[in-house]
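What the sequence shown shows, in the UniProt record's numbering, is residues 1 to 321, in sequence order. C-beta atoms are modelled at their ideal positions from N, C-alpha and C, and glycine is treated no differently. What follows is a set of notes on a single structure, which appears directly below.
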Amino acid sequence: MSSRSRGPALFWRVAIGNAAVLAAACVITALIFAPATDDVAVRELAIFAGGLVVMLAFNLLLLRRALGPLRELTAFARRIDPLEPGRRLQVAGGDSEATELADAFNEMLDRLEAERRESVARALAAQEGERLRVAQELHDGVGQSLTGVVLQLGRVARDVDDTARPAVVEAQETARESLEEVRRIARRLRPEALDDLGLASALLVLGERVAEHSELSVDVQVQPGLAFNPDEELVLYRVAQEALTNVARHSGARHAEVKLHLQGGRPLLEVGDDGSGLPPNAHDGSGIRGMRERAVLVGGALKLSASPLGGARITLELPEP
Numbered sequence: 001m002s003s004r005s006r007g008p009a010l011f012w013r014v015a016i017g018n019a020a021v022l023a024a025a026c027v028i029t030a031l032i033f034a035p036a037t038d039d040v041a042v043r044e045l046a047i048f049a050g051g052l053v054v055m056l057a058f059n060l061l062l063l064r065r066a067l068g069p070l071r072e073l074t075a076f077a078r079r080i081d082p083l084e085p086g087r088r089l090q091v092a093g094g095d096s097e098a099t100e101l102a103d104a105f106n107e108m109l110d111r112l113e114a115e116r117r118e119s120v121a122r123a124l125a126a127q128e129g130e131r132l133r134v135a136q137e138l139h140d141g142v143g144q145s146l147t148g149v150v151l152q153l154g155r156v157a158r159d160v161d162d163t164a165r166p167a168v169v170e171a172q173e174t175a176r177e178s179l180e181e182v183r184r185i186a187r188r189l190r191p192e193a194l195d196d197l198g199l200a201s202a203l204l205v206l207g208e209r210v211a212e213h214s215e216l217s218v219d220v221q222v223q224p225g226l227a228f229n230p231d232e233e234l235v236l237y238r239v240a241q242e243a244l245t246n247v248a249r250h251s252g253a254r255h256a257e258v259k260l261h262l263q264g265g266r267p268l269l270e271v272g273d274d275g276s277g278l279p280p281n282a283h284d285g286s287g288i289r290g291m292r293e294r295a296v297l298v299g300g301a302l303k304l305s306a307s308p309l310g311g312a313r314i315t316l317e318l319p320e321p
């Protein structure tokens, strides 16, 4: 987006104004106090002109130093991304007004990021609560009903004659497939393995299920001994889940890798594939934005890059434990 047209920068407006005032003062002084001899007036004008140049140079130096931080602040404000927190403005200058302005701006960013984390946490907590409720209703309500239908059809298949039995058995298989689909949706909404077995096992189960329901082979590698709090575990799992879903649906890949390990003391989740790579509008997709918002919740950073496998790679870096 192009910025609207503006006049000269504040630096040049102040500098030109000061130069005009100084020049006018020098010329008026030379003309008023000049003696009758023309040579003396010329000499004094030369002295005033030299002084004017020195004063302007000194003025420009002071203005550039005083107003430089404003340009830095403007450029920094334009680069800020709410989904990439932690960046702060650093201005040299001791106890100057520019330093105070930078400190005030950084404090404002601290407050905004804290409020955003809280709002994202509330939204995601509500989302996970709704996921859990729907998963329980599917399991306990629809799932139990379908289980009853499968059992009833089994009893009917034993009592009917041979001509009707194939149709009843087919209906029973359809009900059983629907039951498995309901259970799969419920597991996707709220992963039981994450609650019961921990993150490492949940990622392994996730890779197996994605491979089972697609033509994708998934290799999951989790470094032993890693420990996370419940929020971090849920974020890591959801990011891996969304990333693998995108790979299976859109990339045309045949193989994907999920790696969770330490790098430089920071936990790193990497999901790469050998597919078609990143589309031009990858950063604007709702799936990527959702993953970035989850990363903000735990103070992490999400990055998209090319994968060594030849396709795309999504990297989630968490703060040091």
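The criterion of a C-beta distance shorter than 7 Å is satisfied by residue 253 and residue 273. Judged by DSSP in its simplified three-state form, residue 241 adopts helix. The Cβ atoms of residue 222 and residue 200 lie closer than 7 Å to each other.
For the pair residue 183 and residue 121, the Cα-to-Cα distance works out to about 27 Å.
A straight-line Cα-Cα distance of about 13 Å links residue 293 and residue 115.
Close CB contacts of residue 153 within its chain, under the 7 Å cut and outside five residues either way in sequence, are with 168, 171, 172 and 175 (chain order).
Taking a contact to require three or more Cβ pairs closer than 8 Å, the segment 298 to 308 and the segment 257 to 276 qualify as touching. At the C-beta level, residue 316 and residue 239 come within 7 Å of one another. Annotation for residue 190: no alpha helix (DSSP H) segment contains it, and DSSP assigns it neither H nor E. The three-state secondary structure of residue 311, taken from DSSP, is coil. Of the residues 279, 181, 72 and 192, the one whose Cα lies closest to the Cα of residue 212 is 181.
By the Cβ neighbour-count rule, residue 69 is buried, with 16 or more other Cβ atoms within 10 Å of its own. Nearest neighbour of residue 320 by Cα position, chosen from 265, 28 and 302, turns out to be 265. Counting C-beta pairs with one atom in each stretch, the segment 186 to 202 and the segment 155 to 162 have fewer than three that are closer than 8 Å, which means they do not touch. DSSP places residue 132 in the helix class (H, G or I) of the three-state scheme. A direct Cα-Cα distance of roughly 13 Å separates residue 108 from residue 73. Going by C-alpha positions, residue 25 is about 48 Å away from residue 110.
The Cβ atoms of residue 302 and residue 291 sit closer than 7 Å to each other. Setting aside the 5 residues that flank it on each side, residue 179 is surrounded in the same chain by 143, 146, 147 and 150, each with a C-beta closer than 7 Å to its C-beta; the list follows chain order. Residues 319 of the same chain have their beta carbon placed closer than 6 Å to that of residue 299, with the five preceding and five following residues left out of the count. Under a 10 Å Cβ-count criterion, residue 166 is classified as exposed, with fewer than 16 other Cβ atoms of the shown protein chains found around its own Cβ. Taken through DSSP and simplified to helix, strand or coil, residue 298 comes out as coil. Residue 251 is classed as buried because its beta carbon has at least 16 other beta carbons within 10 Å across all chains shown. For residue 219, the uninterrupted beta strand (DSSP E) segment begins and ends at 217 to 222. In this structure, the beta-carbon distance from residue 186 to residue 210 does not fall below 7 Å. In the three-state reduction of the DSSP assignment, residue 69 falls in the helix class.
Per DSSP, the unbroken beta strand (DSSP E) holding residue 256 starts and ends at 255 to 263.
By the 16-neighbour rule on beta-carbons within 10 angstroms, residue 53 is exposed. Excluding residues up to 5 positions away in sequence, nothing lies with its Cβ nearer than 8 Å to the Cβ of residue 118 in the same chain. The Cβ atoms of residue 287 and residue 242 lie closer than 7 Å to each other.
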